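Taking it in order: structure first as structure tokens, then the write-up.
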Amino acid sequence: MARKYSKSWKRKLEAWALALAVLGSAAGVRYASAQDRQPNSRDLEVLQVQPNFYMIAGAGGNIGVQLGPAGIVLVDTGSAGTSDKVLAAIKKISDKPIRYIIDTSADPDHVGGNSALSRAGLSIISGVVGNPAFGEDVLGNNGAASLLAHDNVLSRMNPGDSAEWPTKTYTSKFYKMSLNGDGIETFHQPAAHTDGDSFVLFRRSNVIVAGDLFDPTRFPVIDTGKGGSIHGVIDALNRLLELTIPPYPQPWLSERTFVIPGHGPVSDSHDLLEYRDMVVIVTDIIQDMINRSMTLEQVKAANPTRGYNARYGANTGPWTTEMFVTSVYKGLSAKGR
Amino acid sequence: MIKFRIFTITSIIVLLGTLLTSAPAFAQIDLSGVWGFVRGQYGQENAGGSDIGDFTGIPINDEGRAVGLSFSAAQWSEPERQCQYYSPRYVSTGPFALNVWSDTDPVTGRIVAWNMGAWIDKDIVTVWMDGRPHPSVNAFHPYSGFATGTWEGDTLVIRTTHIKWSVLRINGLQHSDRATMTQYIVRHGDLLSMLTYFEDPVYLSEPFVLSSVWQLNPKANSSRTSPACEPINESPRLENTSIVPHYLPGKNPFANDYARYYNLPLEAAQGGAQTMYPEFRKKLKDVYHYVPPEKCTRYCCDSPDPAVKCVRDGSGQVR
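As structure tokens, then:
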């Protein structure tokens, strides 16, 4: 028996079927697009570390970005040629001006954007203060954001790149300031990666920006030509560990000090500890070989980095495993520990 | 009338087709409850702990073996290590109950995530079911790793990335922060089976495969989170936090104890992918002759020899 449908009922049923089909299709498409949504490695990446703190990756060295009512504090500026992208990334998270830039070293992939990002910022010091002999250019960096670094960074920078030079240097063990409701401490770590390395602790944000004092993408880069040493690297890693607060007693919570390394992923005390232990173990192995009067060639042949080559080593590129072993060997041979 | 039917049938076919292709979001089986640990591989992990130098059946490569042999158990006394969580791969090994619960979307009621709490020293693993992508390589690695799940039929397939560098076994074998894990979870009534493929391009040459069986047991009453933890100074020497306990290459005095104790060939004890397969026994057959120890003093309860008596002391330890 054929069932009879009224016209209005048929219209309603047609409408429901169409609506369900469209909704179902939309759900399927949404699911599929979520699966396909992967970060594009060619673009800069902005990762939120804390509510007011970000890491920008992909511009050379990692860049730390602290936000607050007074403006933006940057730690490092990436490589030359990336500044437009860095600025665009910053504008997406804040419309405030860049007030300070702190350099962790003189490496080109950390200071390459100094000039461009500084000029895009705004000095916190306005007008001529006190003695008019000290003009805007001296006190206020011509209106641009201040560039802070250890004095040795200035010494190590190329004389031809004066636009990238820091405008304010410190020579003591640390430099402190309060900004954006945060205590900001810049610590000098002598003779580590170079002789001008700093790391920056943001007390309230609970973030440390370590620069290349902690680079979990490779064995520590020890630039002996610029005053670096394995002893200084280990001292720096230990100092970072001392200041990095673990998530205990409640490790399931996210509360902890986050560490932004020179390169690689956002880290914490656990990641720092694994790296520090690796560096100390490899150093101990090479020291033992030196104690047994092994030559550098014998040490290299004995593969003292076995156990860590696949994770941190490289046979090609700017920093090979052989270069690391050589620098440690020479550093340990030159000075007993 | 015909036009109406064609339109309606076409719409329903489109809808069904869409629903079928979106199956992971719909075909869910309830996994919630407290699952008591029944059985799994590597039971020693849950008793006295695996022996130093026992890498048997673990597909480590040369680098993994080097790190394992440099391990000193004093590392566990480093103040920074005392409260560290285990890797999420330990979720599959018990011995504590596995507490599983879901998070639902407050509007649709759909399950957006499964959570697995394996209690002491293990983080809650949240398995996202909403199709979100895994984060980039620059993202933080939490203790739980980052896990997403999909349903393949009645099997929940979990993919975990962003795992922290941690121990593969507590006798010093390690896995790197590049390790990934794929788990297959199937519910059979009151039983839950879990198959884990653990892969690490740094320290493993083949996947490390673990299986475990769990039984629904509301009385296990496992907490969802690990208890709070406070580190203490266990060793005056390690109050100097710059000291890292380890053994230099070739200097680990305990490296061969396990092989000696059980009269095993060192080649087998030091692991590697080949030691996982039956062919390895054939390879050893003509070159190695098993000499049983004079008496069994450890793990005797697992002996297939009925003449070996299983004796436990008051603490449940075999003696």
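Sequence order for the protein chains is H and W. To convert, note that position 91 of the first sequence is 100 in the working numbering; the numbers rise steadily by one, no gaps. To convert, note that position 246 of the second sequence is 249 in the working numbering; the numbers rise steadily by one, no gaps. In this text, a Cβ means the ideal position worked out from N, Cα and C, and glycines have one as well. Only a predicted model underlies this, so the values are computations on that prediction, with no experimental measurement involved.
Chain-order list of chain W residues neighbouring Tyr257/H: Cys86, Cys232, Glu233 and Pro234, by C-beta distance under 7 Å.
Per DSSP, the continuous beta strand (DSSP E) segment holding Glu194/H begins and ends at Asp191 to Gln198. For Asp297/H, the chain W residues whose Cβ falls inside 8 Å of its Cβ are Leu251, in order along the chain. For Asn61/H, no chain W residue has a C-beta closer than 9 Å to its own C-beta; the minimum C-beta separation is roughly 16 Å.
Taking 8 Å as the upper bound for CB-CB distance, Gly73/H and Gly87/H are not in contact here, some 11 Å apart.
Rounded to the nearest angstrom, the Cβ distance from Asp204/H to Thr180/H is 12 Å, too far for a contact under 8 Å. The Cβ neighbour count for Glu233/W, taken over all protein chains shown within 10 Å, is under 16; the residue is labelled exposed. Under the Cβ criterion of 8 Å, Thr228/W is counted among the residues facing chain H.
By alpha-carbon distance to Pro270/H, the top candidate from Asn61/H, Gly67/H, Val95/H and Tyr257/H is Gly67/H. Burial state of Gly192/W is exposed, judged by a 10 Å Cβ sphere holding fewer than 16 other Cβ atoms. For Glu155/W, the number of other beta carbons within 10 angstroms of its own is below 16, and it is reported as exposed.
Counting only residues of its own chain and dropping the five nearest sequence neighbours on each side, Ile217/H has a CB closer than 8 Å to the CB of Phe208, Val209, Leu210, Phe211, Leu249, Leu252, Thr253, Thr266, Phe267, Val268 and Ile269. Taking a C-beta cut-off of 7 Å against chain H, the contacting residues of the stretch 116-132 of chain W are Asp126 and Ile127, listed in chain order. Residue ranges of uninterrupted alpha helix (DSSP H) with 4 or more members, entirely inside the stretch 156-240 of chain H and ordered along the chain, are 160-165.
Ranked by Cα distance from Val216/W, the options Cys86/W, Trp38/W and Ser196/W are led by Ser196/W. Between Gly316/H and Val70/W, the C-beta spacing is below 8 Å.
Within the same chain, Tyr89, Ser90, Leu176, Gln177 and His178 come within 8 Å of Val170/W by CB-CB distance, once the 5 residues on both sides are set aside. The beta strand (DSSP E) runs of length 3 or more contained entirely in the stretch 164-249 of chain W are, from start to end of the chain, 183-191, 194-202 and 211-219.
Secondary structure at Leu126/H: helix, using DSSP grouped into helix, strand and coil.
The C-alpha of Pro255/H lies about 15 Å from the C-alpha of Leu246/H.
The distance from the Cβ of Ala276/W to that of Ser208/W is about 5 Å, consistent with a contact at the 8 Å cut-off. In the same chain as Asn64/W, and ignoring 5 residues on each side of it, the C-beta atoms closer than 7 Å to its own belong to Tyr206, Leu207 and Ser208, in chain order. Under the 8 Å criterion on CB atoms, Thr244/W is classed as interfacial with respect to chain H.
When 8 Å is used as the limit between beta carbons, Asp280/H is near these residues of chain W: His144, Lys167, Trp168 and Asp180, in chain order. Judged by their CB atoms, Leu53/H and Met64/H are not nearer to each other than the 8 Å cut-off. Listed by position along chain H, the residues whose Cβ is nearer than 8 Å to that of Ser73/W are Ile290 and Gly316.
Around the C-beta of Pro109/W, fewer than 16 other C-beta atoms lie within 10 Å, and the residue is accordingly described as exposed.
Between Val275/H and Val58/H, the C-beta gap is smaller than 8 Å, which places the two residues in contact. By alpha-carbon distance to Ala153/H, the top candidate from Arg165/H, Ile134/H, Val162/H and Leu163/H is Ile134/H.
In this structure Gln75/H is buried. Its beta-carbon is surrounded by 16 or more other beta-carbon atoms within 10 angstroms. Interface criterion not met: the Cβ of Ala150/W is under 8 Å from no Cβ in chain H. Taking a Cβ-Cβ threshold of 8 Å, the residues of chain W close to Pro260/H are Cys86, Gln87, Tyr88, Asp126, Tyr146, Ser229 and Cys232, in chain order. By the CB criterion at 8 Å, Pro60/H and Gly80/H fall outside the cutoff.
Scanning its chain for C-beta atoms nearer than 7 Å, with the 5 sequence neighbours on each side dropped, one finds around Lys309/H the residues Glu331 and Val334, in chain order. By the Cβ test, the stretch 118-127 of chain W is in contact with the stretch 209-228 of chain W, since at least three Cβ pairs between them sit closer than 8 Å. In the three-state reduction of the DSSP assignment, Trp38/W falls in the strand class.
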